[in-house]
Each structure stands twice: as structure tokens, then as C-alpha cells.
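Undergrad:
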Amino acid sequence: MDITELMAEGSLPDIVIGDPDAPVAIVEYASMTCGHCANFHENSYPAIKANYIDTGKAKLIIREFPFDPRALAAFMLARCTGDDAKRTAMIDILFDKQDEWARAENASTALLNIAKLAGFSQTSFAACLNNKELQQQITLTQERGQEFGGRRHPDLLRERRQVYRIASRRPDGGHH
């Protein structure tokens, strides 16, 4: 896959943070249950946002690469919130509270409690998670990431230049 194919939107509209017309695009393939992805959003992302996104030098495109059903559910909830601002806020909350829901004995209840903060009811929560079309579209986004070579996460890909990859290891020593 070349950079033109990478930058083309897939089956879902991209989640864009910053000016959609910014001259540089940073594409992040992430999993909501990835500890390294949460660490990136907590520790590295604020500086990238302040220095590049908020100044209009770059935009961040977040694309789904769920490792497991919990990550898929979290991304589905983010997609069901509505516009980019709400999606971004939901992603931020899910990364911030990752320890509360990703490893919870009852992930559904933990995710529902977080989703209620974004205005979900029990009914809208269930409808979102039962949306097979959305589930398929997120799976297609993940497959596109795999075609580009995404294996470890977060993967950050910068448009028009060299590809940057943040290599990380899982606690068991394997790669994400």
C-alpha cells in the first residue's frame, strides 16, 4: 500500500483532530485496550497537540485497530457519539479510564457507566454495540491498517515522509 492509499478514507470517515486542511497528516492506528496507546495519549499526545495540531501544522487521524472485543466495543461507542469532537472526547475518556473498563470483570457494565457520561442510555448503548454494519466497518479499517503493515501499537504514520512507528512491547514481552 502506498501513502496515497493510506491517506484515502476507508469505509468510515476518519476521526480527525485539528484542521482537516493541515499540511501534515499523522495517522494513528490504535487499540482502545492497548496500554501503550493509552500511555501515548496521556504522555506524548499533549505535546504533539500543543506544538503541531493546535498551531495548524498537522492534523491527527485516529483509525481503529482493535485487539479484542472490548477494544472493538469501545471504538463502536466512540463512533456512536456523533461528530468528531464528541468522538475525540469519548476516545480521551476511554483511554483515561482504560484501567476501569478494559480489565474489568464486567466490561459491559463498566463501559455503560462511561457511555452514560456521554449521554448514552441503556437502549442507545445496546443499539450501538449491536450495530453489525458499524462492527464490520471498524473491522475493515483494521484490515486496511494490517495491509499497510501495522503490527505494533500505537503506529504513527506521517503523510508525505518517512513512516514513524512507535515500537512497544506487551507486559508478556511480545509485540503489540
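Counting in this note's numbering, the sequence shown runs from 456 upward without gaps. Cβ coordinates follow ideal geometry from the N, Cα and C atoms, glycine included. Quick caveat: nothing in here was measured; it's all calculated off a predicted structure.
Curious, which full-length beta strand (DSSP E) runs of at least 3 residues does the region 483 to 520 contain?
TA: 513 to 519
Undergrad: When the distance is taken between beta carbons, is residue 550 closer than 8 Å to residue 493?
TA: yes
Undergrad: So residue 531 packs on residue 584, CB below 8 Å; how close in whole Å?
TA: 6 Å
Undergrad: Using three-state DSSP, classify residue 460 as helix, strand or coil.
TA: helix
Undergrad: Measuring straight from C-alpha to C-alpha, what distance separates residue 486 and residue 478?
TA: C-alpha separation (whole angstroms): 26 Å.
Undergrad: Let me confirm a value: residue 469 is counted as buried when at least 16 other C-beta atoms fall within 10 Å, else exposed. Which label applies?
TA: buried
Undergrad: Run the CB neighbour count on residue 475, radius 10 Å, all protein chains shown included, and call it buried at 16 or more, exposed below.
TA: exposed
Undergrad: Using a Cβ-Cβ cutoff of less than 6 Å, which residues in the same chain neighbour residue 507 once the five nearest sequence positions on both sides are dropped?
TA: 513
Undergrad: With distance defined between alpha-carbon atoms, name the residue in 595, 552 and 560 nearest to residue 569.
TA: 552
Undergrad: Is it the case that the Cβ atoms of residue 519 and residue 596 are separated by a distance below 8 Å?
TA: yes
Undergrad: Verify whether the separation of the beta carbon atoms of residue 515 and residue 593 is less than 8 Å.
TA: no
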